[in-house]
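From first to last, the protein sequence lines stand for chains A and B.
Using our numbering, you'd call the opening residue of the first sequence number 1 and step up by one each time.
Using our numbering, you'd call the opening residue of the second sequence number 141 and step up by one each time.
From the three backbone atoms N, C-alpha and C, an ideal C-beta is built for every residue, glycine too.
Number of protein chains: 2
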Amino acid sequence: MLSSREEIVETIRKSGHRATSQRIVVYEALWKAGSHPNVSEIHKYASKSDPTISLATVYKNLQLFSEIGLVREMGFRDGSMRYDPDVDFHINLVCNKCGRIEDFDCISLEEIAPNLIQKVGFEVQSHNFEVRGICSRCRS
Amino acid sequence: MLSSREEIVETIRKSGHRATSQRIVVYEALWKAGSHPNVSEIHKYASKSDPTISLATVYKNLQLFSEIGLVREMGFRDGSMRYDPDVDFHINLVCNKCGRIEDFDCISLEEIAPNLIQKVGFEVQSHNFEVRGICSRCRS
DNA sequence: TCATTATCAATAATCATTATTATTTAAGTT
DNA sequence: AACTTAAATAATAATGATTATTGATAATGA
Numbered sequence: 001m002l003s004s005r006e007e008i009v010e011t012i013r014k015s016g017h018r019a020t021s022q023r024i025v026v027y028e029a030l031w032k033a034g035s036h037p038n039v040s041e042i043h044k045y046a047s048k049s050d051p052t053i054s055l056a057t058v059y060k061n062l063q064l065f066s067e068i069g070l071v072r073e074m075g076f077r078d079g080s081m082r083y084d085p086d087v088d089f090h091i092n093l094v095c096n097k098c099g100r101i102e103d104f105d106c107i108s109l110e111e112i113a114p115n116l117i118q119k120v121g122f123e124v125q126s127h128n129f130e131v132r133g134i135c136s137r138c139r140s
Numbered sequence: 141m142l143s144s145r146e147e148i149v150e151t152i153r154k155s156g157h158r159a160t161s162q163r164i165v166v167y168e169a170l171w172k173a174g175s176h177p178n179v180s181e182i183h184k185y186a187s188k189s190d191p192t193i194s195l196a197t198v199y200k201n202l203q204l205f206s207e208i209g210l211v212r213e214m215g216f217r218d219g220s221m222r223y224d225p226d227v228d229f230h231i232n233l234v235c236n237k238c239g240r241i242e243d244f245d246c247i248s249l250e251e252i253a254p255n256l257i258q259k260v261g262f263e264v265q266s267h268n269f270e271v272r273g274i275c276s277r278c279r280s
């Protein structure tokens with residue numbers, strides 16, 4: 001997580017984009033909105049800081065953040081996209097009953113599939129590792 | 141892959157559902173439609189066997205197949221759902237440029253995250269392991 | 001056969017996302 | 001500090017995938 005406003009501004013600038021107030025608001029909302037939020041949840045939180053921020057702006061900036069590696073997109077069963085600000089490799093345990101998503105740390109992608117670039121010529125940019133089932137709460 | 145019509149019929153019946161001619165057509169179309177097709181591609185192929193089959197029927201039956209483990213759903217960036225009839229654990233290498241999806245066999249989920257059920261009480265039902273980047277064709 | 005119930009086709013409705021357009025603004029330049 | 005201009009924004013219309021609805025049809029069990 002980029003903690004200070006200056007860090008966020010710098011990261012966005014470095015990527016060749018403008019550090020607008022809306023972008024900072026969206027990035028902060030991403031963390032406030034809880035675990036793996038979807039766009040409307042992020043928009044809800046962003047609206048608290050900037051009541052006039054448009055939904056389209058939230059969409060666009062989440063896309064930008066995804067491109068510059070600040071967030072990870074997770075395509076979802078219900079047709080909505082969710083966003084995970086933790087871009088490190090891990091498993092998302094998704095409960096099929098309650099929909100809750102739990103992070104689970106595991107061995108690295110390099111250990112699971114070593115040398116993808118040399119073996120099959122595939123250059124890794126991002127990853128999304130979902131395991132679906134029933135969580136502990138729903139089982140008990 | 142369930143190769144014979146009898147095998148398909150039996151699998152659907154065992155799950156407590158009717159083995160209608162439309163279901164068999166959809167299941168067969170799933171394989172004919174090539175690698176990781178989306179719903180409209182599957183519908184296109186199903187229509188060749190049954191010209192009156194409805195898009196909604198294809199949707200419903202793919203959902204059913206997913207529930208009974210005959211197919212794996214893959215939520216996608218473009219908002220459409222894709223279907224992978226290979227339900228064994230593997231990595232889907234998705235190219236961000238051309239959209240092509242390549243399968244990559246790797247070590248098992250049990251080796252990556254042993255005893256999920258004992259460790260965190262999570263009961264695994266299905267999985268979707270996506271690694272995105274640039275494929276060999278697009279890099280050269 | 002008849003009754004029951006799942007499934008079906010057709011299409012309308014929904015909802016997430018993207019495109020459009022006129023306006024505003026960040027950030028470099030003078 | 002004012003000027004310039006491409007980039008970003010707000011508001012909203014358009015798109016497109018998916019789901020809901022409804023009346024018809026067909027499988028299954030009594």
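Through-space distance from Val124 of chain A to Glu242 of chain B, alpha-carbon basis: 13 Å
Extent of the continuous beta strand (DSSP E) run through Asn268 of chain B: 263-274
Buried or exposed by the 16-neighbour rule on C-beta atoms within 10 Å, applied to Asn255 of chain B: exposed
Through-space distance from Gly239 of chain B to Lys172 of chain B, alpha-carbon basis: 19 Å
Within chain A, partners of Ser266 of chain B - CB distance below 9 Å: Asn96, Glu130, Val131, Arg132, Gly133
Beta-carbon proximity of Arg132 of chain A to His267 of chain B, cut-off 8 Å: Yes, these two residues count as a Cβ contact at 8 Å.
Short CB-CB distance (under 8 Å) between Arg100 of chain A and chain B: no
Where the alpha helix (DSSP H) containing Val149 of chain B begins and where it ends: Element bounds for Val149 of chain B: 145-154.
Per-residue contacts from Ser136 of chain A into chain B (C-beta, under 7 Å): Val260, Gly261, Phe262
Span of the alpha helix (DSSP H) around Leu170 of chain B: 161-172
Three CB pairs or more closer than 8 Å across the stretch 149-167 of chain B and the stretch 105-114 of chain A: no
Cβ pair Leu165 of chain A, Val87 of chain A closer than 8 Å: Beyond the ends of chain A as shown, which are 1 and 140, falls residue 165 of chain A; an answer cannot be given.
Closer than 8 Å to chain A by CB, Ala253 of chain B: At least one chain A Cβ lies under 8 Å of Ala253 of chain B.
Contacting residues, own chain, Cβ-Cβ under 7 Å from Ala186 of chain B (five flanking each side not counted): Val165, Val166, Ala169, Ile193, Val198
Candidates B:Glu147, B:Asp245, B:Val260, of which the one nearest Phe229 of chain B by Cα: B:Asp245
Chain-ordered neighbours of Leu233 of chain B on chain A, where CB pairs are closer than 8 Å: Leu116, Val120, Phe122
C-alpha gap between Glu85 of chain B and Ser155 of chain B, whole angstroms: In the structure displayed, chain B extends from 141 to 280; residue 85 of chain B sits before or after that span and is not available.
Segment limits, alpha helix (DSSP H) that includes Thr260 of chain B: Residue 260 of chain B is actually Val in this sequence, not Thr. For Val260 of chain B, the enclosing alpha helix (DSSP H) starts and ends at 256-260.
DSSP three-state assignment for Asn96 of chain A, whether helix, strand or coil: Assigned with DSSP and collapsed to three states, Asn96 of chain A falls in coil, not helix or strand.
Simplified DSSP assignment, three categories, for Arg139 of chain A: helix
Contacts that Glu213 of chain B makes with chain A (C-beta to C-beta distance below 7 Å): Ordered by position in chain A, the residues that pass the 7 Å Cβ test against Glu213 of chain B are Arg77.
Check whether Gly121 of chain A and Phe216 of chain B have beta carbons under 8 Å apart: no
Residue burial classification, Arg137 of chain A (beta-carbon count within 10 angstroms, cutoff 16): exposed
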